[in-house]
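According to the numbering used here, the stretch in the sequence shown is residues 1038 to 1160, in order. We put the beta carbon where it would ideally sit given N, CA and C, even for glycine. Notes for the one structure printed next.
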Amino acid sequence: MPKRLINIEPLDKDQIFDQVEEFTDKIAEVYQGISMDICMSQYWCKKYIQDKRAQGFYQNKSDQDINTGIDFTPLKIKGLASMVETNDIFCTPSENFLHISPATITKNGLTKSTAASELKFRL
């Protein structure tokens, strides 16, 4: 899949639902049927879910029914700890997505030996 820039307005907590839909609508049609992860910080992932709820799109009976899927597509939102304090958004086919480190490792708990073993394990 070649890299392609998709331009949208800067992310806004009150518009994030519409912005993600705009972003996914701009993905080339040839990729629209592929299971893909729309990646962003965990903050923006949470704001997406809250904005979707605020607009009345959830008719679920409990919070456990809420998921990060994007309606009418095989796409889903993925909040990444590695993207903390960023306003970036990107997508990648789900099968291509690699986790460099477990979500439980923080920058304070990451050592050179941990990083080296993680990278060796992943390669």
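Where does Cys1078 sit, in a helix, a strand or coil, going by DSSP?
-> The residue asked about is misnamed: residue 1078 is Ser in this sequence, not Cys. Ser1078 falls in the strand class under three-state DSSP.
Beta bridge counterpart(s) of Thr1129 as assigned by DSSP | Asp1074
What first and last residue would you give for the beta strand (DSSP E) that runs through Ile1064?
-> Taken as a continuous stretch (DSSP letters only), Ile1064 belongs to no beta strand (DSSP E), as it is neither H nor E.
Simplified DSSP assignment, three categories, for Ile1114 | strand
Tell whether a beta-carbon distance below 7 angstroms holds between Leu985 and Ile1053.
-> The displayed coordinates of the chain run from 1038 to 1160. Any statement about residue 985 would go beyond what the structure contains.
Between Ile1043 and Phe1060, is the Cβ-Cβ spacing less than 7 angstroms?
-> yes
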